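In the numbering used here, the protein residues as written are 1 to 306.
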């Protein structure tokens, strides 16, 4: 209350958008359920196909309702602004790849190398330590670099770090890969603050709360789908019971192959997100001239587009 300046209050919001909240909860719940249960029941099982169908229908209904609602929970028209779309895409992909990777790299040490949970946590701790350090330093560097460059560089470096872990085998020691973990965590840490800044700067001040909520929702959706989808890839070649106990030598190659599949998806997703953010936040060039020298992200006037 003392240090943070108050934001301008918008007009009275009216009634809460309960249909939007219900549809916004149903869609990710159904899609996550389908992704998780697909391995156990088969991807063509009726319950799995029904979950994906319900999830897709809920997404479509959510968008249609929010467009028609006079006071929507989420103004989906904001995604017509390229900077806002870029920020949410980056947030979703980062948590999809990052959190999913942490979960299944921990499984790798516990189930395949039979380490204790505490030891496995220490093995992957370089990710969290590097993340914390990079996030703290990035906030100080933003006035010099702007928001665009750290996000693009962080996504590309994180993608490279994830693909670098493809050299993992069943008995790879932590000493050979800890720096890969540090690079992954540091690269993701570089992205956090500028992503929020881009999203908040892409809307007018009165909708800053909505923009912040959407970015946080994108992060949580990415986390949920990352654990579900990447987990399905890691254990795709193994019996369903293998996800809860130690993995023996006979099944070790199958686990490693599934982990490689998950790392491929994570790395390529991060690289693709970096390229997409670069394209969506590119500064315009006047005809026959050089790039317009403007701040990296500039808030548009109320009611404008970006």
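The C-beta atom is built at its ideal place from N, Cα and C for all residues, glycine as well.
Please read these numbers as outputs of a predicted model, since none were measured by experiment.
| Could you give the distance in angstroms between the alpha-carbon of residue 14 and the alpha-carbon of residue 172? | 58 Å
| request: Grab me the residues of residue 190's own chain with a C-beta within less than 6 Å of its C-beta, minus the 5 sequence neighbours each way, in chain order. | output: Counting only Cβ-Cβ distances below 6 Å, and skipping sequence neighbours, we find 134, 138, 150, 154.
| Range of the contiguous alpha helix (DSSP H) that encloses residue 157 | 148-164
| task | Compare the Cα-Cα distances from residue 221 to each of 85, 24, 3, 18 and report the closest residue. | result | That would be 24, whose Cα lies nearest to the Cα of residue 221.
| task | Can you tell me which of the three DSSP states residue 135 falls into? | result | Helix, per DSSP.
| request: Starting from residue 214, trace the alpha helix (DSSP H) both ways and give me its first and last residue. | output: 208-234
| query | By Cβ distance below 8 Å, which residues in the same chain neighbour residue 88 in space, the five residues on each side in sequence not counted? | reply | 79, 199, 214, 215, 218
| request: Measure from the C-beta of residue 160 to each C-beta in chain C and report whether the shortest distance is under 8 Å. | output: Going by chain labels, chain C is absent from the structure shown, which holds only one protein chain.
| query | What are the complete beta strand (DSSP E) segments, minimum 3 residues, inside the stretch 254-288? | reply | Note on the stretch 254-288: there is no whole beta strand (DSSP E) run with a minimum of 3 residues.
| said: Using 8 Å as the cut-off, can you tell me whether the stretch 44-52 makes contact with the stretch 19-33, which would need three or more C-beta pairs spanning the two stretches below that distance? | reply: Touching, yes, given that three or more Cβ pairs across the two stretches are closer than 8 Å.
| message | Which of the three DSSP states is assigned to residue 250 in this structure? | response | coil
| field | Reduced DSSP secondary structure (H/G/I, E/B, other) of residue 114 | value | coil
| query | Nearest-angstrom Cα distance between residue 81 and residue 211? | reply | 12 Å
| field | Alpha-carbon spacing of residue 275 relative to residue 203, whole angstroms | value | Approximately 23 Å, taken between the alpha carbons.
| task | On a CA-only basis, which of 255, 229, 231 is nearest residue 238? Give me that one, please. | result | The residue among 255, 229, 231 with its C-alpha nearest the C-alpha of residue 238 is 255.
| said: Report the CB separation of residue 166 from residue 263 in whole angstroms; it is logged as a contact under 8 Å. | reply: 6 Å
| field | Under the three-state DSSP convention, the category residue 1 falls into | value | coil
| Could you give the distance in angstroms between the alpha-carbon of residue 186 and the alpha-carbon of residue 60? | 36 Å
| request: For residue 4, count neighbouring C-beta atoms within 10 Å of its own C-beta (all shown protein chains included) and say buried if the count is 16 or more, exposed if not. | output: Of the other Cβ atoms in all chains shown, fewer than 16 fall within 10 Å of the Cβ of residue 4; this residue is therefore exposed.
| field | Nearest to residue 175 (by Cα), restricted to the options 236, 124, 74, 62 | value | 124
| request: Work out the CA separation of residue 92 and residue 72 for me, nearest whole Å. | output: 21 Å
| Three-state secondary structure assigned by DSSP to residue 93 | helix
| task | Could you tell me which of 206, 234, 39 sits nearest to residue 100, measuring between CA atoms? | result | 234
| query | Would residue 281 be called buried (16 or more neighbouring beta carbons within 10 Å of its own) or exposed? | reply | buried
| request: Identify the continuous alpha helix (DSSP H) that holds residue 194 and give its terminal residues. | output: 178-201
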